[in-house]
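In UniProt numbering, the protein residues as written are 1 to 976.
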């Protein structure tokens with residue numbers, strides 16, 4: 001029903017009437033009528049001249065005054081020049097969750113599944129034209145329909161009779177065979193019972209050897225073997241040492257007595273249960289006399305203090321053995337030194353200087369020392385600052401003042417007029433005062449805390465860890481905490497027990513009592529066993545759970561065709577007449593009660609008796625005369641008394657009915673002798689015969705072949721074909737299955753191409769194509785450009801991806817359909833990065849003017865100033881924004897590491913040695929008479945006794961002098 005609103009039309013009043021189209025609207029001359037939004041609103045305006053038409057999209061240009069104009073846009077457009085497409089979806093009438101799709105001057109509603117109509121206001125009734133069978137009622141759903149089946153029918157369309165196998169009564173992979181009102185399960189190997197839900201206990205025969213625990217599986221078993229055994233039945237003895245449980249530091253591997261573990265005899269220097277721990281050989285402090293111990297693999301090494309040697313630094317070297325003391329002086333060995341006791345007239349470190357040398361021109365005292373005679377008449381030197389010793393040859397021991405930090409210093413090393421502090425582990429700095437943090441990240445493993453110490457570190461291991469770095473996981477399973485035959489899995493700080501079947505508890509110490517669930521039925525007694533139980537059943541009951549009542553009648557204990565009644569705990573025989581006893585084994589003597597009268601003879605028979613009457617008595621008990629007896633003639637014959645005893649000794653004659661003969665008509669004529677039954681067994685009966693037909697036949701003479709299709713299970717989707725004792729369902733097209741109850745799913749062959757959705761129909765199918773495809777099987781590619789989807793003169797290009805296309809937009813338009821005018825440099829679309837300048841090109845695209853340090857189409861790339869390898873001498877280049885820096889290798893400096901640092905600028909070489917600069921180091925070329933890294937050590941030329949004729953050699957810096965005896969001269973030889 002439409003609501004009346006003046007100026008609007010449409011179901012939802014969405015159409016604005018063009019007021020200018022009404023006949024009663026007139027405008028003044030030289031003006032035009034312009035319809036305005038809002039119903040019947042309009043205005044009369046002067047149109048723009050033909051040479052001034054700036055309005056786009058069909059907009060009409062009208063003059064405001066002589067210098068301005070206004071564009072009156074057509075519906076669906078806005079903006080000063082009508083270039084902006086109005087989003088009509090801002091106010092829309094799409095219902096039921098539909099998606100509004102904006103268009104030019106309108107919109108369309110994209111309906112969700114289950115709805116239709118212009119505004120998706122119509123709920124689709126899927127039951128219209130439904131395919132529910134006659135046994136179902138159609139129910140409309142939101143996205144489809146369902147069929148509610150009447151009792152006894154099922155299937156998506158209620159087309160199938162209920163199949164008892166559809167409820168999957170058979171367990172596991174058992175095969176269900178549908179029967180009439182029943183089913184039968186064909187069990188797979190390993191299962192039994194009506195529903196095949198009972199697992200056959202394959203462990204019943206106890207197949208596992210050597211104490212292995214048997215776990216029952218499906219038609220199989222698995223043996224959990226104790227440590228030391230393997231194989232299907234745990235019969236194979238394992239050599240545990242062959243698994244390499246002991247580490248490579250093991251000398252001998254042997255099994256323990258119980259055969260469930262290994263014993264590892266370790267090589268020297270190793271320990272642990274598996275010889276995996278490298279023992280700290282320095283722990284016993286074997287290095288003597290201040291030697292430093294360094295632990296190694298299977299050994300240690302002592303770095304001895306100066307003056308000591310030997311493997312453990314136990315030897316104090318005797319410097320006197322070298323004969324340094326001259327002129328018969330006495331040598332006293334010191335620690336790392338010696339002292340010469342000079343005789344009268346000699347002095348010096350080695351007593352090689354004559355005391356008369358002060359009077360000569362020979363420089364006795366080195367390094368500017370002053371020579372004089374002491375009170376004992378010996379030469380003595382007064383040394384300048386920085387030197388000491390008998391000859392002022394030695395530099396002052398700068399270490400005497402203990403300049404190095406006492407706790408952090410290993411030793412103070414004396415250098416030329418200076419010293420060097422050799423730091424202990426854990427300290428650094430020129431005086432070894434700085435405490436080093438040894439706890440670097442990841443030093444202590446497995447999350448253990450690191451404690452920094454003065455000379456190292458200590459790892460505070462979490463529970464279950466050990467080792468210097470907490471790298472060794474303590475084997476908590478070593479003491480075998482888990483119960484017998486259970487598997488212990490070591491973990492960090494603990495262990496987990498994987499219990500053997502039949503055990504529970506943290507340590508698998510609790511044996512499960514399987515009898516607690518009372519599994520034995522019918523009064524059976526439960527006996528608990530390891531991982532199992534046994535039911536002792538009462539008499540008459542059997543089964544693993546005493547669930548089966550033994551049918552004692554199976555052995556046919558009752559005799560003489562008695563009926564056997566099975567009872568709980570036994571059976572009972574219902575005897576036929578004439579028999580008695582527990583098993584009907586006794587024949588009752590019916591003649592014992594003398595039932596025959598009038599002198600008749602009683603003859604006992606099984607379950608009966610017979611009276612042989614004396615003439616002329618008759619009757620069952622010979623109690624009657626002929627024909628007076630009760631039915632002397634049998635089988636309905638008529639008795640006629642006869643007086644001729646010679647011909648009729650019984651005194652009567654019987655007129656027999658048809659089918660009987662004999663004196664008493666007691667003989668039944670055998671009508672079966674002529675084989676009257678065609679397909680059956682003939683039973684002779686009184687006055688005729690009866691045919692017991694073979695299966696599949698019927699009729700009085702079994703002459704009719706029974707039509708098995710009368711009670712067939714063939715569905716209405718087939719034709720039943722009668723067979724002997726069976727039938728066959730011949731399915732209509734589109735159906736399959738034993739009873740043609742299953743509609744063939746033509747979609748299984750995947751006839752629909754290109755990701756189309758296949759809907760199965762009766763004997764057919766339907767393809768719902770994906771976007772971009774059409775045809776019966778969705779194999780034809782749709783040309784999306786045929787509909788002209790690209791706007792504003794854009795060029796449409798079909799995509800290689802089915803169902804898609806792309807629009808190549810003209811300048812100043814964008815969007816998937818090129819329907820959005822845009823300035824590429826406005827803030828919303830500006831692609832230029834890093835404060836670059838955006839420039840609009842004539843083709844409608846943007847270009848970027850990059851600042852220094854950036855490049856790329858959008859200035860998105862930080863220029864890599866390192867790409868030209870500006871850093872020299874293997875310096876590492878670090879790229880920065882609009883620049884770079886060089887991290888120089890040791891020995892180089894400069895902006896580009898181009899300057900080789902001259903280590904010689906500090907004049908490290910002594911005694912006029914030549915300093916040669918190298919990369920990150922230097923070398924000193926010593927002048928004659930000096931040696932050492934810095935040429936700071938004076939060569940003692942006097943050690944080789946260069947002076948002849950008992951001349952006295954005096955060592956001088958860089959050389960030597962000879963003090964000659966009277967009568968000789970020269971530097972090293974005497975001249976007379």
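Positions of the beta carbon are idealized from the N, C-alpha and C atoms, including for glycine.
Just curious, the beta strand (DSSP E) that residue i is in, first and last residue?
i, result
"residue 878", "876 to 880"
"residue 761", "757 to 761"
"residue 224", "220 to 224"
"residue 690", "688 to 693"
"residue 101", "99 to 103"
"residue 611", "608 to 612"
"residue 889", "Looking at the DSSP string, residue 889 is not in any beta strand (DSSP E), and its letter there is neither H nor E."
"residue 82", "Here residue 82 belongs to no beta strand (DSSP E), and DSSP marks it neither H nor E."
"residue 997", "Residue 997 lies beyond the residue range present for the chain, which begins at 1 and ends at 976; the question has no answer from this structure."
"residue 494", "494 to 498"
"residue 840", "837 to 840"
"residue 491", "487 to 491"
"residue 143", "That residue, residue 143, is in no beta strand (DSSP E); it is neither H nor E in DSSP."
State the DSSP-derived secondary structure class of residue i, mapped to helix, strand or coil.
i, result
"residue 465", "strand"
"residue 860", "coil"
"residue 322", "helix"
"residue 35", "strand"
"residue 3", "Its pLDDT being 41, under 50, residue 3 is placed unreliably in this model, and the value from its coordinates should be taken loosely. Here residue 3 sits in coil by DSSP."
"residue 256", "coil"
"residue 16", "strand"
"residue 748", "helix"
"residue 245", "coil"
"residue 955", "strand"
"residue 122", "strand"
"residue 674", "helix"
"residue 549", "strand"
"residue 233", "coil"
"residue 728", "strand"
"residue 962", "strand"
"residue 21", "helix"
"residue 213", "strand"
When burial is assigned at 16 or more other CB atoms within 10 Å of the CB, is residue i buried or exposed?
i, result
"residue 321", "exposed"
"residue 652", "buried"
"residue 352", "buried"
"residue 606", "exposed"
"residue 841", "exposed"
"residue 783", "exposed"
"residue 250", "buried"
"residue 157", "buried"
"residue 808", "exposed"
"residue 813", "buried"
"residue 83", "buried"
"residue 544", "buried"
"residue 62", "buried"
"residue 262", "buried"
"residue 409", "buried"
"residue 664", "buried"
"residue 976", "At residue 976 the pLDDT is 29, less than 50, meaning the model places this residue with poor confidence and gives no usable figure here."
Original post:
Per the contact definition of three or more C-beta pairs closer than 8 Å, is the segment 506 to 518 in contact with the segment 306 to 321?
Top reply: no
Original post:
Hey, is the segment 138 to 150 in contact with the segment 687 to 695, meaning 3+ C-beta pairs nearer than 8 Å?
Top reply: no
**OP:** Kindly confirm or deny that the segment 239 to 253 and the segment 552 to 560 touch, where touching means at least three C-beta pairs closer than 8 Å.
**Re:** no
**OP:** Mind listing, in chain order, the continuous alpha helix (DSSP H) runs of no fewer than 4 residues lying wholly within the segment 772 to 817?
**Re:** With a minimum length of 4 residues, no continuous alpha helix (DSSP H) run stays inside the segment 772 to 817.
Original post:
On the three-pair Cβ rule with 8 Å, is the segment 897 to 910 touching the segment 872 to 887?
Top reply: Touching, yes.
Subject >> Meets three-Cβ-pair contact criterion under 8 Å: the segment 904 to 917 and the segment 927 to 940 >> reply: By the Cβ criterion, the segment 904 to 917 is in contact with the segment 927 to 940, since at least three pairs of Cβ atoms, one from each stretch, lie closer than 8 Å.
Subject >> Unbroken stretches of the beta strand (DSSP E), 3 residues or longer, contained in the UniProt domain "EGF-like" (395 to 433) >> reply: 409 to 415, 418 to 423
Original post:
At a cut of 8 Å, does the segment 829 to 837 reach the segment 852 to 867 through at least three beta carbon pairs?
Top reply: yes
Subject >> the segment 50 to 57 contacting the segment 23 to 42, beta-carbon criterion three pairs below 8 Å >> reply: no
Original post:
Residue ranges of each beta strand (DSSP E) run of no fewer than 3 residues wholly in the segment 519 to 548, ordered along the chain?
Top reply: 525 to 529, 532 to 536
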